[in-house]
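Asker: Counting in the numbering used here, the sequence shown runs from -2 upward without gaps. My structure is below; once you've seen it, I'll send some questions.
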Amino acid sequence: MVTLWTNRLERLEVGAVLCADFGELTVAEARPFQQRWIVQFSEISDRSTAETLRGLLLKAEPISDPDELWVHELIGMTVCETDGTERGWVEAVQANPASDLLVLDSGALVPLTFLLEQTGDRLIVDGPDGLFDEI
């Protein structure tokens, strides 16, 4: 059983390669089961060998997708409103159940749902009135 910590299902397509400390594993077959996946790897021929890998952390090479925003790429970007007003730069991204938050150097918290676009090193946001008002 594999718990997938990504929304990128191509990680488990036939032929996809996942990396373990001891080497690479190639996906031979994968199917969802409850909240996890049953995955058969080409390099693992029997269940007892598979059982020895329980709890193993598997990693994959980064996916290059120009339409995706990655958290580490948001840090340091300038946040601007649609009228061009600069509101600060991103110090961190804070996990939040409703929407992750951009934490600005000004102390403002901007939900990612208000992000319209990325232009170079600028993030354009369209938030409600008062989003940047001081408390």
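Glycine included, C-beta positions come from ideal geometry on N, C-alpha and C.
#1: Suppose the cutoff is 8 Å on Cβ atoms and the five residues either side in sequence are ignored; what does the same chain contact list for valine 14 look like?
#2: Could I get the ranges of all uninterrupted alpha helix (DSSP H) runs contained in the region 17 to 79, with 4 residues as the minimum, in chain order?
#3: In terms of DSSP beta bridges, what is proline 125 paired with?
#4: Since leucine 101 contacts leucine 71 with CB under 8 Å, what's their CB separation in whole angstroms?
#5: DSSP state of glutamate 114, grouped into three classes?
#6: Would you mind stating whether threonine 79 and aspartate 123 have Cβ atoms separated by less than 8 Å?
#7: Using DSSP bridges, identify the partner residues of arginine 84.
#8: What is the residue span of the beta strand (DSSP E) that valine 11 lies within?
#9: Within 10 Å of its beta-carbon, does phenylalanine 38 have 16 or more other beta-carbons around it, so buried, or fewer, so exposed?
#10: Which same chain residues end up closer than 6 Å to glutamine 31 when comparing Cβ atoms and leaving out the 5 residues on each side of it in sequence?
#11: Quick one: what's got a C-beta closer than 8 Å to glutamate 83's C-beta in the same chain, skipping five residues either side?
#12: Identify whether leucine 109 lies in helix, strand or coil by the three-state DSSP scheme.
#13: For glycine 73 and glutamate 88, I'd like the C-alpha separation in whole angstroms.
#14: May I ask which residues mark the beginning and end of the beta strand (DSSP E) holding valine 100?
Answerer: In terms of the structure at hand:
#1: In the same chain as valine 14, and ignoring 5 residues on each side of it, the C-beta atoms closer than 8 Å to its own belong to Glu21, Leu22, Thr23, Val24, Ala57, Glu58, in chain order.
#2: With a minimum length of 4 residues, the continuous alpha helix (DSSP H) runs that stay inside the region 17 to 79 are 44 to 48, 68 to 71.
#3: Note: proline 125 sits in no beta bridge, so no partner.
#4: With 8 Å as the limit, leucine 101 and leucine 71 do not qualify as a contact, their Cβ atoms being about 11 Å apart.
#5: In the structure shown, the three-state DSSP call for glutamate 114 is strand.
#6: It is a contact, given that the beta carbons lie within the stated cut-off.
#7: Among the bridge pairs identified by DSSP, arginine 84 is matched with none.
#8: Element bounds for valine 11: n/a, residue is neither H nor E.
#9: Under this definition phenylalanine 38 is a buried residue.
#10: Contacts found: none.
#11: Within the same chain, glutamate 83 has close Cβ partners Thr75, Val76, Cys77.
#12: Helix.
#13: Using only the alpha carbons, I get a separation of about 6 Å.
#14: Segment 98 to 101, the beta strand (DSSP E) holding valine 100.
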